[in-house]
Structure formats: C-alpha cells, structure tokens
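Worksheet: one structure, shown below.
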Amino acid sequence: MRVLGIETSCDETGVAIYDSEQGLLADALYSQVKMHAEYGGVVPELASRDHVRKLLPLVQETLDKAGLSRGDIDAVAYTAGPGLIGALMVGASCGRAMAFAWDVPAVGVHHMEGHLLAPMLEETPPQFPFVALLVSGGHTQLVRVDGIGQYELLGESLDDAAGEAFDKAAKMLGLDYPGGPLIAKLAQQGDRSRFRFPRPMTDRPGLDFSFSGLKTFTLNTANDHRVDGQLDEQTKADIAAAFEEAVVDTLAIKCRRALQQTGLKQLVIAGGVSANSRLREKLGQEVRKQRAELFYARPEFCTDNGAMIAFAGCQRLLAGQRDDLSIITKPRWPMDTLESI
Ligand code: KG4
Ligand code: ZN
Numbered sequence: 267m268r269v270l271g272i273e274t275s276c277d278e279t280g281v282a283i284y285d286s287e288q289g290l291l292a293d294a295l296y297s298q299v300k301m302h303a304e305y306g307g308v309v310p311e312l313a314s315r316d317h318v319r320k321l322l323p324l325v326q327e328t329l330d331k332a333g334l335s336r337g338d339i340d341a342v343a344y345t346a347g348p349g350l351i352g353a354l355m356v357g358a359s360c361g362r363a364m365a366f367a368w369d370v371p372a373v374g375v376h377h378m379e380g381h382l383l384a385p386m387l388e389e390t391p392p393q394f395p396f397v398a399l400l401v402s403g404g405h406t407q408l409v410r411v412d413g414i415g416q417y418e419l420l421g422e423s424l425d426d427a428a429g430e431a432f433d434k435a436a437k438m439l440g441l442d443y444p445g446g447p448l449i450a451k452l453a454q455q456g457d458r459s460r461f462r463f464p465r466p467m468t469d470r471p472g473l474d475f476s477f478s479g480l481k482t483f484t485l486n487t488a489n490d491h492r493v494d495g496q497l498d499e500q501t502k503a504d505i506a507a508a509f510e511e512a513v514v515d516t517l518a519i520k521c522r523r524a525l526q527q528t529g530l531k532q533l534v535i536a537g538g539v540s541a542n543s544r545l546r547e548k549l550g551q552e553v554r555k556q557r558a559e560l561f562y563a564r565p566e567f568c569t570d571n572g573a574m575i576a577f578a579g580c581q582r583l584l585a586g587q588r589d590d591l592s593i594i595t596k597p598r599w600p601m602d603t604l605e606s607i
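Quick look at the structure:
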C-alpha cells in the first residue's frame with residue numbers, strides 16, 4: 267500500500283510517500299521557522315496561512331521526487347491532532363479532500379504516534395514491547411509501548427515540555443526560535459562544570475517531570491552574571507551547557523527508572539529533542555549499563571516531518587482503519603485513548 271502522508275500540526279509543512287513493500291519513496295519539508303523567529307515563537311494564524319500556501323506545491327514536489335502520479339497513491343494519512351487547530355485544519359481538509367477526489371481511503375493520524383513510530387523507518391527498528399521517551403516542543407512523556415495503539419503512560423511533564431524549556435532558556439540567552447538546536451550548539455563551547463543546575467524531581471520516586479523550575483534557575487543565573495545588562499559569550503555558553511546537562515541528566519535518570527520498572531530492554535527516543543546529540547550520548551551510556559538498546563530516528567525525522575505520518579497512517583490503514591468523510595481535528599488528544607491495532 268502506497269500512502270501519502272501530510273503533517274501540518276505546527277510550523278512545518280511535511281509531505282511524504284511511504285510504501286508498505288518498498289519503504290519510504292520520497293519526502294519533502296518546508297519549515298516556517300524563519301517567519302516565526304521574528305516573533306520569538308510560533309504565531310498560529312501565520313502558520314495556518316503558510317501551510318495553505320505551501321502544502322499543495324509540496325504534494326506535487328513529493329510525487330515528482332518519487333516519479334509517481336496521483337493515480338499511484340492508495341491512501342492518504344494526515345495529522346489530525348494534537349496541535350494548532352488552524353494549522354491542523356489545513357492538512358486535514360486538504361488530505362481528506364484529496365482522498366475523496368482520488369477515491370482512496372483516508373486516516374487521521376495522532377502526531378505523537380507519528381513521532382513514536384518514526385524510529386521504525388530506520389534500518390534497525392525497535393521491536394515491541396519497548397519504553398519510549400517522547401520529547402518534543404509540546405510533550406514530554408514516558409510510555410510503555412506494547413504495540414501500535416497500546417500505550418501505557420508511565421510519566422509526563424507536570425508543566426513545560428522539554429523542548430519548550432529549551433526554547434524558553436534560549437530566549438533568556440538572547441537566542442532565536444527554536445532554541446533547542448541553538449542551545450545545543452552553544453553548549454559545545456561551554457564549560458559543563460562551571461554551573462550546576464538542579465535535576466528536578468529526581469530526588470523522589472516516580473516518572474513525572476517538571477522543567478519550569480529549571481527555567482527560573484536559568485534566568486536567575488543569567489541575571490546574576492550580566493555586566494551592564496550583557497552576558498559575555500563564554501558565560502552564555504556555560505549557562506547553555508549547564509542547562510542542557512541538567513535536562514539531559516534528568517531525562518536519563520527517568521529513562522533508567524522506566525527500564526528498571528518495566529524490565530524492558532529497548533528504549534526509543536522520539537520528537538524534536540531526540541535530535542539532541544548530548545541526549546543520545548548520555549542515553550547511549552545509560553542503556554549500555556542496563557544491557558539495553560537505544561533507538562532513534564535520523565535527525566530530520568526527529569523533528570516534525572511527513573514521513574512519520576505516512577508510516578504511522580500506513581500501519582493503521584493496513585489494519586483496516588478508515589475514516590469517514592468528516593474532517594475531524596483534535597487540538598488536544600490524549601495518546602492513551604488511541605485504538606490498538
Ligand atoms: O517534535 P518537534 O519538531 O515539534 C513538536 O511536536 O513540538 O519538536 C520541536 C522541539 C523544539 O522545542 C526544539 O527546540 C526542540 O524540539 N529541538 C531540540 C533540538 N532540535 C529540536 N532541542 C534540543 N536539542 C536539539 N538538537
Ligand atoms: Zn512534533
């Protein structure tokens with residue numbers, strides 16, 4: 267089955283074609299980050315309008331890249347939630363309408379299920395069951411995964427998501443949006459031992475997270491070191507390094523606990539923050555100690571993309587799932603309410 271996947275839940279327009287026999291045939295991405303950077307974060311209405319402009323040309327580009335035409339597509343999968351309502355509506359209504367026009371089935375995909383399954387696009391995919399750490403701009407969750415749609419939430423952030431914390435800390439250091447990759451880059455020049463930031467909620471049992479205190483700690487540290495309102499470049503890099511180290515350590519401690527608690531030997535990391543190389547390195551060390559394995563997607567499939575939606579949609583379509591003609595988007599959509607297949 268050849269599935270056209272569409273992602274428009276936030277600030278990336280992603281399109282891909284996944285074939286259940288041949289794998290990923292083509293993908294294309296248009297990122298709006300430059301447009302939103304001017305405002306220091308995503309402006310929802312601008313995001314929706316830009317998806318309107320970019321989506322159909324991107325569908326054509328993806329078909330061309332794959333050397334296919336519309337008639338070669340067997341089904342359409344689009345992100346139905348969670349995300350920004352206006353942005354979701356663009357992908358959902360275009361996707362549903364194209365499927366109707368081409369007389370093929372359509373399915374609405376859960377964005378975080380897309381992230382979660384993205385590592386399965388790689389050469390050595392994880393096998394169910396496994397523990398997944400989902401770390402994106404909107405979510406930080408530890409999930410026990412027994413199959414597609416069989417998700418048990420083990421823990422989650424009580425306030426900011428990990429990616430959101432990266433973005434806010436970056437803003438405090440005067441970096442652009444999205445801040446995660448910029449903090450990571452700056453941290454490479456930093457001294458990781460100059461400042462010690464707290465590892466929130468690691469001194470008590472459980473698998474929940476909290477990152478808002480870390481944000482305040484970052485702000486206070488920055489303010490304490492400003493000279494004439496300015497931070498020198500080295501101090502900025504040292505703060506970035508201390509912040510990254512604290513987030514990565516906190517995530518690693520909880521992943522270790524989740525592996526121990528479940529007795530599982532595979533850890534999957536997914537979502538934008540899973541592109542972070544320090545996180546990959548630390549978790550790599552952690553799983554070796556636990557005699558477990560670590561899985562992640564290539565960096566461009568960690569952040570939002572169409573390939574993960576085409577793949578996740580394909581799995582559900584193969585299992586017989588079909589949506590009717592209504593166009594449904596769910597800005598909020600708990601992942602543990604998904605049907606198992
Ligand atoms: O999954 P994603 O593309 O979008 C959402 O579903 O939210 O994640 C975006 C988030 C942003 O907060 C961004 O700063 C963060 O992922 N991110 C990173 C890195 N690359 C992206 N955070 C830390 N290190 C990175 N290398
Ligand atoms: Zn995402």
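Its first residue numbered 267, the sequence shown is counted upward by one per residue in my numbering.
Just so it is clear, CB atoms sit at the ideal spot from N, CA and C, and this is done for glycine as well.
- Query: Buried or exposed: Ile-594, going by 16 or more other Cβ atoms within 10 Å of its Cβ?
  - Reply: Position 328 of the sequence shown, counted from the start, is the residue given in the question as residue 594. With fewer than 16 Cβ atoms within 10 Å of its Cβ, Ile-594 is classed as exposed.
- Query: Does the beta carbon of His-302 fall short of 8 Å from some heavy atom of the ligand KG4?
  - Reply: As a working mapping, residue 302 is identified with position 36 in the sequence shown. Not so, every heavy atom of the ligand KG4 lies at least 8 Å from the Cβ.
- Item | Of the residues Tyr-417, Leu-383, Val-514, Gly-403, the one placed nearest Arg-458, counting alpha carbons only | What you label residue 458 is simply residue 192 of the sequence shown in a count that begins at 1. For Arg-458, the nearest C-alpha among the options comes from Val-514.
- Message: At the level of alpha carbons, what is the spacing between Leu-324 and Leu-270?
- Response: Stepping through the sequence shown from its first residue, residue 324 is reached at position 58. Stepping through the sequence shown from its first residue, residue 270 is reached at position 4. When rounded, the distance between both Cα atoms is 11 Å.
- Task: Grab the span of the alpha helix (DSSP H) containing Val-514 for me, first residue to last.
- Result: The count along the sequence shown starts at 1 and reaches residue 514 at position 248. 499-528 is the span of the alpha helix (DSSP H), which, as asked, contains Val-514.
- Message: Measuring alpha carbon to alpha carbon, tell me which residue in Leu-329, Ala-292, Leu-473, Leu-354 is nearest Glu-311.
- Response: Start at 1 with the first residue of the sequence shown, and residue 311 comes out as number 45. Taking only the C-alpha atoms, the option nearest Glu-311 is Leu-354.
- Closest residue to Arg-462 among Val-553, Ser-540, Leu-480 (Cα-Cα distance): Taking the first residue of the sequence shown as position 1, residue 462 is located at position 196. Ranking the options by Cα distance to Arg-462, first place goes to Leu-480.
- Message: With a threshold of 7 Å on Cβ separation, who are the neighbours of Ile-351 within its own chain once the five nearest residues in sequence on each side are excluded?
- Response: Counting from 1 along the sequence shown, the entry for residue 351 is found at position 85. Cβ within range, chain order: Thr-595, Pro-597.
- Query: Straight-line CA distance for Arg-460 to Val-534?
  - Reply: Numbered from 1 along the sequence shown, position 194 holds the residue referred to as residue 460. Numbered from 1 along the sequence shown, position 268 holds the residue referred to as residue 534. Straight-line Cα distance between these residues: approximately 31 Å.
- Message: Any heavy atom of the ligand KG4 closer than 8 Å to the beta-carbon of Ile-414?
- Response: In the sequence shown, counting from the first residue as 1, residue 414 sits at position 148. Checking the Cβ of Ile-414 against the ligand KG4 gives no.
- Taking one C-beta from the segment 329-344 and one from the segment 549-563 each time, how about it: are there three or more such pairs within less than 8 Å? no
- Query: Would you report the Cα separation of Leu-295 and Gln-393, rounded to the nearest angstrom?
  - Reply: One-based indexing of the sequence shown puts residue 295 at position 29. One-based indexing of the sequence shown puts residue 393 at position 127. The alpha-carbon atoms of Leu-295 and Gln-393 are separated by roughly 28 Å.
- So is the beta-carbon of Thr-569 under 8 Å away from any non-hydrogen atom of the ligand ZN? Numbered from 1 along the sequence shown, position 303 holds the residue referred to as residue 569. At least one heavy atom of the ligand ZN is nearer than 8 Å to the Cβ of Thr-569, so yes.
- Task: Reducing DSSP to helix, strand and coil, say where Ala-558 ends up.
- Result: Taking the first residue of the sequence shown as position 1, residue 558 is located at position 292. Correct three-state label for Ala-558: coil.
- From Gln-416 to Asp-602, what distance separates their C-alpha atoms? Within the sequence shown, residue 416 is the residue found at index 150, counting from 1. Within the sequence shown, residue 602 is the residue found at index 336, counting from 1. Their Cα atoms are separated by approximately 7 Å.
- Query: Can you check whether the CB of Val-308 is closer than 9 Å to the CB of Leu-545?
  - Reply: Here the question's residue 545 lines up with position 279 in the sequence shown. Here the question's residue 308 lines up with position 42 in the sequence shown. Their beta carbons are not under 9 Å apart, which means Leu-545 does not touch Val-308 by this criterion.
- Query: Measuring from the CB of Gly-404, is there a heavy atom of the ligand ZN at a distance below 8 Å?
  - Reply: Numbered from 1 along the sequence shown, position 138 holds the residue referred to as residue 404. For the ligand ZN, at least one heavy atom lies less than 8 Å from the Cβ of Gly-404.
- Message: Shorter than 8 Å, the distance from the beta carbon of Met-378 to the closest heavy atom of the ligand ZN, or not?
- Response: Indexing the sequence shown from 1 puts residue 378 at position 112. Yes; taking the cut-off as 8 Å, the Cβ of Met-378 has a heavy atom of the ligand ZN nearer than that.
- Along the chain, where does the beta strand (DSSP E) that runs through Arg-268 open and close? Stepping through the sequence shown from its first residue, residue 268 is reached at position 2. From DSSP, the beta strand (DSSP E) with Arg-268 extends over 268-273.
- beta strand (DSSP E) runs contained entirely in the segment 365-429, provided each spans 3 or more residues: 372-376, 396-401, 406-413, 416-422
- Buried or exposed for Pro-447, please, with buried defined as at least 16 other CB atoms from any protein chain shown within 10 angstroms of its CB. Here residue 447 refers to the residue found at position 181 of the sequence shown. Label assigned to Pro-447: buried.
- Query: When you compare only the Cα positions, how much space is there between Phe-509 and Lys-531?
  - Reply: One-based indexing of the sequence shown puts residue 509 at position 243. One-based indexing of the sequence shown puts residue 531 at position 265. Using only the alpha carbons, I get a separation of about 28 Å.
- Does the ligand MG have even one heavy atom less than 8 Å from the beta-carbon of His-381? For the structure depicted, the ligand MG is absent and the ligand set comprises only the ligand KG4 and the ligand ZN.
- Tell me whether the beta-carbon of Leu-383 lies closer than 9 Å to the beta-carbon of Gly-440. Here residue 383 corresponds to residue number 117 of the sequence shown, with the count starting at 1. Here residue 440 corresponds to residue number 174 of the sequence shown, with the count starting at 1. No, the Cβ-Cβ distance between Leu-383 and Gly-440 is not below 9 Å.
- Task: Count the other CB atoms, across all protein chains shown, that sit within 10 Å of the CB of Ser-275; report buried if there are 16 or more and exposed otherwise.
- Result: Your numbering for residue 275 matches position 9 in the sequence shown. With 16 or more other Cβ atoms within 10 Å, it is buried.
- Query: Can you tell me whether DSSP reads Phe-463 as helix, strand or coil?
  - Reply: As a working mapping, residue 463 is identified with position 197 in the sequence shown. Reduced to three states, the DSSP call for Phe-463 is coil.
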